[in-house]
Amino acid sequence: MKDTAHQVVPDFYRIEQATCGDGLKARNTAMREGDSIRVSIRRSAHQDEWSTCIVPYRKWMRVLDVLNYVAEFHAPDLAYRWFCGSKMCGSCAVRMNGREVLACWEAALPNMTIEPLRNLPVLRDLVVDRQPYEARVAAFEPWIERPSPYSGFPEPLTHREMKEASKALDCISCMACFSACPVIGLGSLTDFAGPAPLVQLAQTALDPRNDPAKVRAALEKSGIFNCVSCYKCEEVCPAAIPIVSRVIEPLKARAAQLVPEMARHAQTFRLVVATRGRIDPGELILRVQGLAVLKRIPRLLRMLVRRKVRPLRTVFGVKSAAASATRRILSSRGD
Amino acid sequence: MQDSNFVRILKADVVVVGGGAAGCYAALKLKRRGIEPLIVCKGWVGKSGASIFAGNLVLSGNLLGNTDAEARNTAEFLIRYHNQFLIDQHWARRCGKWIEQVYYPELEEAGLYFRRDDVGNIVTSPGKIRSVAANVQGNSGVPFMDLRRKQVIKAGIQRLEETTVTALLQRADGSIGGVFGLDYLRGEYIVVHARAVVLATGYSDRLHFRSTGTREMSADGVAMAWRVGARMSNLEMQWWHTNDAAQPASWQRMQVYPNPMLGSEKSARMVNSWGEEFFNQQVDDPLAFGPYTVQLKALVKQVRAGKARYDGGYFAGFDHCTAAEVEAYTSYAKGYKQLGLRFPEDLLETAVTAHYRQGGVDVDNRSMRSSVPGLYVAGGLGGHSNGLIALATYDGEVVADGVAGDFDALSTTPPDSDRLQAEERRLEQLRVSKGDLTPTVIKETLRRIMWDHVGVEKDGAGLTKALEAIQRIKVELLPRLNISFEGRTANYEWLDAIDLVNMIEASELIVLSSLERTESRGPFMRGDFPDTDNEYWLAANVMIRTGNGCRFERRTYETPFIQPGFSSCKNLEVPW
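Sequence order for the protein chains is A and B. Residues -5 to 329 (this note's numbering) make up the first sequence, in order. Residues 12 to 587 (this note's numbering) make up the second sequence, in order.
Below you can see the structure in the form of structure tokens.
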């Protein structure tokens, strides 16, 4: 089918394209030696203070090279964090033009704004306090405990069994995903642990050697069903970990199995969609909350007024024609 | 003095300085023995410096079906190629046994995933020496060291991170009773009192214009140990990476690994500016598992023939392999792709990078005691071996036993408070330096001097020039130091200034030590002494502090199991 609507490619679409192979080539050859990079860096001394300067381009320059140049020649007092410069330590993530990048890994662009990560307290300039992340990871007790004693080296294990966990093992805990996550951005409104801590959790929770009781205890602290599957985390991950499909989804499945009460809302949602072919908020609320719904009459009334819930449709609404299709799709996923 | 408001005083049984393989393992082992450790780490425990350990682990002994011949090859590779015989072979044997019997099972029991294939065999690199990787070859360091970090958390070991230790604190009798540090994120001074200090700050010093050492590695361990009078050995034995990315600048430690690839018979190849292949490990020297010295010697010949430079003009890559072959078990393709190169068709321009010190603080390798009471050393900082990760971890084991054995006899007296105040004054003065040169400018000047005169090919005249230039930095540049930001929070200029003082000290020691060794051996190449001299220099070059400088002693190595087999030969013609 010809899609004429996409003949004019909107800007946001181009940004997505830039992560493909061709885009990387273009980025790495867009500037020549000596071309000017205009970089503005958010400083924390005063509100809304930016340091802006011009940096000469050098071959294959990374964002970190630009920061190093600025610190060496323009702003020696710039606070920014890096250790390895080779995508191993995960310490140099910042936001470039509003998007999370690993400074040592990302190609410099002709015009850049550089800001600290979001969702973590800023200590100074580009340096954030990672404590909120550390505390969440520690709460998961992220180590394996075998239900039976270790059998000696090498223990029986196949890569097929370790496939999901091995993706998570590529994590360098750079916090790019933690900064990009809109649910984490809601603060204490949810108990969602956030993508980075969940990737750490997946390393052991998806490891077949781990005791299910241990996994269960960790999942109970994960708030994982608050994830809205927006894929922002995956989009910014410099280690290219498929965070939603290979970390969050398998963890949700594990939670549904080990801690079914956590998955009640998600399971009910699925049931409603499977029977009706569409979601029905009224039925969803009733099934999940039961009589507890009566405690929230004012909210219910507001939802009625705004037609978020439509009781007549819930009770008398005919099955949508999509019902059989959704059932087929859901059952083909093997669950 | 109001500054003392910023000093936090802590107590522990033992302070471990460094959060890498050796430091973490030492702390874990001490804790298991009922001795309370506290880790002070300049970066992040198990993450910053240590995580760039990227390759794979050599299989020693008869692990995973290793034959006796393969086991012997591993030992030979360690002694010959990795230490050029400057190693206690009895220690090497003990270490090999420990790796075989303790190390691998310990790692796996703790949860490390040694990469398997789909039916459950651990994937190895074939060839004369076999190796394995944690998950993926090329970024094994991350899961490997993350595991240590989590073990430390699980054990409830106290850790201070992004805290640089600036001085070892002595008691009145000269023994070490704690450390002085700066939590540079919060700008808070920290003093830890302890019966003993285990220094485990690693071996990759960022002293050269191109260095693999990470940002925080400024030879602090060498400088601090020297200041309290510890003996050094073989400081001149500097190793080099021959094939790290020439650009971008921040990727100078991004290596095109020359080691054999997991699951393949091939390894990367290196090509000079004329397009001729001049090194390929699997073809040229299958016994040189980490073929760094062999590779370096091959490069020296290319540079002399005008077909490469030490800072670029030659290339490395996998254009003789298929992408699937390389990417099955390694992460090697990622860097190429990130630069917009075609993989595996395109080669990457590479350059030499100063990698690590083979030597370091002189220790008794049965206890890891240094020559200063109360000061122990583990891992790459030690002068007894070159600090490969398994070896460094073994040091963690030995040092914990060493400290535990001495524990009851170690003094509990806190360090001298005068020394504490003197250190605080020194750091405060640095913080308010008002001159006209940033610490970075002086650092880069030093790193240029080291690159130009203490590089791959050295000689007496160049080394003497380097000494004079370092002297000028001390006398002329250091007094002009300027710190523009006076705050204490995340003041990286201040940290750079603290580092700079250590870097200058360590550089000077390395140059002096280089002048003393009047031969060429492996990666240590002197144009004025081109021969490897086993008659005289099969010996540790021990540096001892004196009232007005230093003196040297030689300590001959025994060769009970493996011998070099010649007394003197042109170094460039020696295969290792």
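Glycine included, C-beta positions come from ideal geometry on N, C-alpha and C.
- Across the structure, G152 of chain B and V383 of chain B are spaced so that their CA atoms are roughly 32 Å apart.
- Here DSSP, grouped into helix, strand and coil, assigns R296 of chain A to helix.
- By the neighbour-count definition (other C-beta atoms within 10 Å, threshold 16), W250 of chain B is a buried residue.
- Distance check between D201 of chain A and each of A:A212, A:S145, A:I138, A:L324 places A:I138 closest, using alpha-carbon atoms only.
- When DSSP states are grouped into helix, strand and coil, E360 of chain B belongs to the strand group.
- Straight across, the Cα-Cα distance linking G181 of chain A with N113 of chain A is about 8 Å.
- Chain-ordered, the chain A residues with CB closer than 7 Å to the CB of L350 of chain B read N22, W54.
- Here the alpha carbons of P232 of chain A and C165 of chain A stand approximately 9 Å from one another.
- The beta-carbon of Y144 of chain A is placed less than 9 Å from the nearest beta-carbon of chain B.
- The C-beta of Y547 of chain B has fewer than 16 other C-beta atoms within 10 Å across all chains shown, which makes the residue exposed.
- Counting only Cβ-Cβ distances below 7 Å, T451 of chain B has contacts in chain A at A65, E66, P70, in chain order.
- Beta bridge pairing from DSSP links A508 of chain B with no other residue.
- At least one beta carbon of chain B lies nearer than 9 Å to the beta carbon of E149 of chain A.
- Taking a C-beta distance under 9 Å as the contact criterion, A80 of chain B and G72 of chain B do not qualify as a contact pair.
- For L21 of chain B, the pairing in a beta bridge is given by DSSP as B:V203.
- In this structure, the beta-carbon distance from A211 of chain B to V410 of chain B falls below 9 Å.
- Closest in C-alpha terms to S396 of chain B, from the list B:R238, B:K469, B:N245, comes B:N245.
- Neighbours of K208 of chain A in chain B, taken as residues at a C-beta separation under 7 Å, are lacking, since the least C-beta distance is about 11 Å.
- Contact of G131 of chain B with chain A by beta-carbon distance below 7 Å involves P150, L151, T152.
- At least 9 Å separates the CB of M297 of chain A from every CB of chain B.
- Setting aside the 5 residues that flank it on each side, H366 of chain B is surrounded in the same chain by T223, W250, W251, H252, each with a C-beta closer than 6 Å to its C-beta; the list follows chain order.
- Q169 of chain B and V25 of chain B have their alpha carbons spaced roughly 11 Å apart.
- Taking 9 Å as the upper bound on Cβ-Cβ separation, chain A lies near residues K165, E173 of the stretch 165 to 180 of chain B.
- Closest by C-alpha distance to D255 of chain B, out of B:Y343, B:G185, B:Q181, B:P48, is B:Y343.
- DSSP links K313 of chain A through a beta bridge to no other residue.
- Three or more beta-carbon pairs drawn from the stretch 517 to 530 of chain B and the stretch 545 to 559 of chain B are found closer than 8 Å, and the two stretches are therefore classed as touching.
- The way I'd put it, the stretch 217 to 232 of chain A doesn't touch the stretch 261 to 280 of chain A; fewer than three beta-carbon pairs between them come closer than 8 Å.
- Counting C-beta atoms within 10 angstroms of its own C-beta, T364 of chain B has 16 or more neighbours from the protein chains shown and is therefore classed as buried.
- At least one beta carbon of chain A lies nearer than 9 Å to the beta carbon of G60 of chain B.
- About 7 Å separates the Cβ atoms of V443 of chain B and I494 of chain B, confirming a contact at the 8 Å cut-off.
- N220 of chain A is outside the set of residues whose beta carbon lies under 9 Å from a beta carbon in chain B.
- In this structure, the alpha-carbon of A415 of chain B lies about 16 Å from that of G188 of chain B.
- Boundaries of the beta strand (DSSP E) around N552 of chain B: 550 to 557.
- Under a criterion of Cβ atoms nearer than 8 Å, the residues of chain A adjacent to N146 of chain B are, in order, S160, L163, D164.
- Proximity to G79 of chain A across B:A260, B:L307, B:E87, B:S229 peaks at B:A260, based on C-alpha coordinates.
- A Cβ-Cβ separation of about 7 Å places T570 of chain B in contact with F96 of chain B under the 8 Å criterion.
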